[in-house]
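Student: According to my numbering, the sequence shown is numbered sequentially starting from -3. Cβ coordinates follow ideal geometry from the N, Cα and C atoms, glycine included.
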Amino acid sequence: MSREEQAWLLRFLRARMEGMVRHKPSRLPPLREIPEVWRRAGGVFVTLEVAHRVRGCSGSLYPRLPQRWQEAQRALERALHDPRYRPIRPQELSLVRISVTVVLAIEPIDHIGQLGGAEYGLVLRTQDGHEGVVLPYEGRLPGERLRWAYRKAGVAQSRPAQLYRLRAERFSE
């Protein structure tokens, strides 16, 4: 996606976030104003940071809504209400940095050594449906990311799991 398409989504999410935090909803854009790339289905994550510390993160590997901009809006709404973090206050809005991670592909790998560099994320799935996702650039070492994925899945590291490499494009304000 182009820088203009990235900038459009970041502007949209910024306006939505400010409206939600200030309890003054912003208008949804007319379909004709939405770039084509955001009108396709696909997984997306939204991360909110203040001073390089995560204050909310949510998203989906697979589309649940018909268009990716809708997925991003839903992820933003959930990130703003992420129970793991303190809510963002109106006076903090100018300090919030929005990052978007667009899921491009999920590829099975046989062992953690096949993960690759920090530009790849990790998806861990157990047979009973637990899942842990570590986005690209979260952590550097494959073993560290594997431990985080198990923790996010809420299961012991001794539990057998299928591993997947997550290819994604990430951009930020």
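Determine the DSSP secondary structure at A152, reduced to helix, strand or coil.
Tutor: coil
Student: What are the partner residues of A101, as DSSP defines its beta bridges?
Tutor: R163
Student: Just the C-alpha distance for E103 and Y116, rounded to the nearest angstrom, thanks.
Tutor: About 11 Å.
Student: Tell me whether S168 is buried or exposed, calling it buried when 16 or more other Cβ atoms sit within 10 Å of its Cβ.
Tutor: Exposed: under 16 other Cβ atoms inside 10 Å.
Student: Less than 7 Å between the beta carbons of V42 and L72, yes or no?
Tutor: yes
Student: Look at Q153 and Y160 and say whether their C-beta atoms are less than 7 Å apart.
Tutor: no
Student: To the nearest angstrom, how far is the alpha carbon of G15 from that of R85?
Tutor: 12 Å
Student: How many angstroms separate the CA atom of Q66 from the CA atom of M(-3)?
Tutor: 17 Å
Student: Within a Cβ cutoff of 7 Å, which residues of the same chain sit near I105, ignoring the five residues on either side of it in sequence?
Tutor: L111, L159, Y160, R161
Student: Under 7 Å, do G190 and A149 count as touching if we go by C-beta distance?
Tutor: Given a span of -3 to 169 for the chain in the structure shown, any question on residue 190 remains unanswerable.
Student: Taking the alpha-carbon positions, what's the E140 to R80 distance?
Tutor: 20 Å
Student: Could you compute how far the alpha carbon of V151 sits from the alpha carbon of L131?
Tutor: 18 Å
Student: Which residue or residues does DSSP assign as beta-bridge partners of E1?
Tutor: Note: E1 sits in no beta bridge, so no partner.
Student: In angstroms, rounded to a whole number, what distance separates the CA positions of Q63 and W34?
Tutor: Straight through space, the alpha carbons of W34 and Q63 are spaced by roughly 6 Å.
Student: Quick check on P26: buried or exposed, where buried means 16 or more other Cβ atoms within 10 Å of its Cβ?
Tutor: Exposed, because fewer than 16 other Cβ atoms sit within 10 Å of the Cβ of P26.
Student: For Y58, which residues in the same chain have their Cβ closer than 7 Å to its Cβ, ignoring the five residues on either side in sequence?
Tutor: Closer than 7 Å at Cβ, skipping near neighbours: G39.
Student: Work out the CA separation of P156 and Q123 for me, nearest whole Å.
Tutor: Looking at the two C-alpha atoms, the distance is approximately 8 Å.
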